Each structure stands twice: as structure tokens, then as C-alpha cells.
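Some notes on the structure that comes next.
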Amino acid sequence: MEDNTHGRRIKKTERLKSTRRYINDLMLESLRNYPQASPYFELETDALMQLKDELKAQNPNVTVTSLYVRIMASVLEAYPLLNSAVIDGKQVTYESCNVGVGVGLESGIMTVVIKEAQSKNIFEISDELKQKTALIKKGELPMEDMLGSTFTISSIGVQGIRYSTVILNPPETGMLALGVTEKRPVVLEDDTIGIRRVTGFGLTHNHALIDGYHIGVIINLMRERLKNPRDYMGL
């Protein structure tokens with residue numbers, strides 16, 4: 603088949619599948635209605651990776667992603683502005699810290715939601731995330747467990763990507779892209795050079811509520827927690 607206007611040969615034409623249509627409509631709504639900005643930054647994550655190995659020895663379901671769910675639930679609780687939304691011209695601040703986690707499927711990225719994550723410890727979160735991820739991959743996760751997030755995490759680092767601009771999941775105010783973690787030479791406090799693990803992040807936010815000042819506060823909250831992650835695991 604040939605495109606008569608531009609001479610491009612077409613292999614086939616088919617209707618978008620329902621999942622892709624849903625993603626298309628959601629992303630159009632997000633970009634149309636939410637003024638978005640996406641700063642990139644890097645933070646040292648050596649302590650987090652060490653903690654992951656320690657906790658995984660106690661519970662094999664512990665992953666880097668589940669650690670970030672717990673870390674970000676703590677950030678949302680400490681800084682409620684990030685745990686808010688603009689709905690019908692009003693600012694809604696949530697008490698629940700419901701952290702969504704993007705799961706990549708052949709049909710498209712779907713979201714698993716860990717509800718009330720601020721009240722769950724790292725082992726509870728890890729078990730729940732493992733169970734729900736397995737169900738969503740089989741197409742058996744109830745819709746209720748895919749809706750209701752107040753903040754979303756997208757793990758782009760598994761694809762070897764350092765930074766990425768992610769699009770908000772309406773009506774959320776923030777979405778964190780977890781980039782690849784790499785070993786880097788770092789200047790230590792005693793001015794010597796050491797090798798540390800560093801992770802790239804992207805934090806897309808609704809500029810109607812959050813600007814550069816707030817992003818600085820949020821990044822500092824993350825930096826504090828990543829230096830001493832055990833203190834924020836709910837244990």
C-alpha cells in the first residue's frame with residue numbers, strides 16, 4: 603500500500619488497541635491541562651544500594667523500586683505540596699500517600715498502586731509490590747489496584763537511561779523518573795576521591811503548584827533520606 607500524498611509505503615493500518623487509546627487520551631489530557639517542567643539531577647545512592655542488599659537477605663522481595671516507594675512516601679508525608687493535585691481549579695492535598703509504580707508491558711505502561719504507603723514498612727511494601735506486579739503482568743490485577751495514586755514512580759534505569767522527561771499522571775502534581783545507577787569518582791568530605799554509586803533522576807511537576815524553590819526543598823529531602831535510608835524504612 604502506498605501513501606498517495608507523500609509516497610510512503612505502508613505495511614498495514616490498524617485501529618489503536620484499547621490500552622494505547624487510553625494512554626493516548628490520558629497523556630493528551632496531561633499535556634493540555636497541566637503546565638509541566640522536568641528538572642534532571644543526580645544524587646549519591648551508595649547507602650541505599652547497600653541497604654537493599656542487607657534487607658533483601660531478610661526478604662527476597664525487596665527491590666530498589668520498593669525502597670524508592672518507601673523513600674518517596676516519606677517525602678510526600680514530609681512535604682504535602684508534592685502530595686496534592688489541582689482539581690476543578692482547587693488545590694486538593696491528600697492525607698493518603700498512594701505511590702504508583704509504572705510497570706512496562708508489551709501493550710503499554712500500566713500502574714500498580716501501593717496505597718497508604720506512608721503507613722507500611724519496607725517489607726510490607728515489597729511483598730505487595732511483588733504480588734501486584736505479578737498479577738498485572740497476567741492481566742489479573744483488579745482495576746482498584748491500578749487507580750488512586752497521588753504520586754508515581756517510573757523506573758527508566760532498567761533500560762539503561764540516565765534521564766528522561768516523563769508526563770504527569772493526571773491529576774497528580776509529581777512523577778519521579780528513576781534513571782540508571784552508575785559508579786562514579788566522587789570528591790569525599792576529606793577531599794579524597796572515592797568511588798560511589800550515583801543515580802540520575804527526573805522530577806516532572808505541575809508548575810501551577812510547584813516551582814524551582816519547591817523542587818530544591820524536595821531534592822534536599824530526597825538527599826537526606828538517601829544518605830540515611832534505614833531511618834525511613836518504617837522498621
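Count the sequence shown with my numbering and you get residues 603 to 837, in order.
For each residue, glycine too, the CB sits at the ideal point set by N, CA and C.
All values derive from a computational prediction rather than experimental measurement.
Sequence-distant residues of the same chain with beta carbon closer than 8 Å to Leu-645, five excluded per side: These residues qualify, in order along the chain: Val-800, Thr-801, Phe-803, Ile-821, Met-824, Arg-825 and Leu-828.
Please return the same chain residues whose Cβ sits closer than 8 Å to the Cβ of Ala-680, not counting the five positions on each side in sequence. Counting only Cβ-Cβ distances below 8 Å, and skipping sequence neighbours, we find Leu-823.
In whole angstroms, give me the CA-to-CA distance for Arg-622 and Met-745. Their backbone Cα atoms lie some 16 Å apart in a straight line.
Around the Cβ of Arg-610, are there at least 16 other Cβ atoms within 10 angstroms (buried) or fewer (exposed)? Per the 10 Å Cβ criterion, exposed.
Would you mind reading off the limits of the beta strand (DSSP E) that contains His-809? No beta strand (DSSP E) contains His-809, which DSSP labels as neither H nor E.
At the level of alpha carbons, what is the spacing between Lys-658 and Ile-612? C-alpha separation (whole angstroms): 50 Å.
Along the alpha helix (DSSP H) that carries Tyr-670, what are the first and last residues, could you check? Start and end: 666-680.
Cutting at 8 Å between CB atoms, please list the residues of its own chain near Leu-653, excluding the five before and the five after it. Spatial neighbours of Leu-653 in its own chain (CB-CB distance under 8 Å, excluding positions within 5 residues in sequence) are listed in chain order as Leu-669, Pro-831, Arg-832 and Met-835.
Using only CA atoms, which one of Gly-702, Gly-776, Met-712 and Val-677 lies nearest to Ile-812? Taking only the C-alpha atoms, the option nearest Ile-812 is Gly-776.
For Pro-773, which residues from the same chain have a beta carbon less than 7 Å from its beta carbon, with the 5 sequence-adjacent residues on both sides left out? Cβ contact annotation for Pro-773 (same chain, cutoff 7 Å, sequence separation greater than five): Ala-687, Val-688 and Ile-689, in chain order.
Could you give the residue range of the beta strand (DSSP E) that holds Glu-646? 642-646 is the extent of the beta strand (DSSP E) around Glu-646.
Can you pull the DSSP bridge partners for Val-701? BP columns for Val-701 point to Ile-716 and Phe-753.
For the alpha helix (DSSP H) containing Gln-733, list its first residue and its last residue. For Gln-733, the uninterrupted alpha helix (DSSP H) run begins and ends at 724-739, by DSSP.
From which residue to which residue does the beta strand (DSSP E) around Ser-709 run? For Ser-709, no beta strand (DSSP E) run applies, since DSSP gives it neither H nor E.
Between His-807 and Ile-817, is the Cβ-Cβ spacing less than 8 Å? The answer is yes: Cβ separation under 8 Å.
My output table needs one value for Gly-836: the three-state DSSP class, helix, strand or coil. In the structure shown, Gly-836 sits in coil (DSSP, three-state: anything other than H, G, I, E or B).
In whole angstroms, give me the CA-to-CA distance for Asp-747 and Asn-771. One Cα belongs to Asp-747, the other to Asn-771, and the distance between them is close to 15 Å.
With 16 other Cβ atoms within 10 Å as the buried cut-off, status of Ser-620: Classified as exposed, Ser-620 has fewer than 16 neighbouring CB atoms from the shown chains inside 10 Å of its CB.
Reduced DSSP category for Met-651 - H, G, I as helix; E, B as strand; rest coil: Of the three classes helix, strand and coil, the one that applies to Met-651 here is helix, per DSSP.
Considering only their Cβ atoms, is the gap separating Lys-739 from Leu-790 smaller than 8 Å? When the beta-carbon positions are compared, Leu-790 and Lys-739 stay at least 8 Å from each other.
Report the residue from Glu-742, Gly-741 and Lys-717 whose alpha carbon sits nearest the alpha carbon of Glu-730. Considering only alpha carbons, the answer is Lys-717.
One or two residues paired with Lys-613 in a DSSP bridge: Per DSSP, none; premise fails for Lys-613.
Per the DSSP calculation, Ile-795 is bridged to which residue(s)? According to DSSP, which records beta bridges pairwise, Ile-795 is partnered with Val-789.
So, helix, strand or coil for Gln-638, using DSSP? Correct three-state label for Gln-638: strand.
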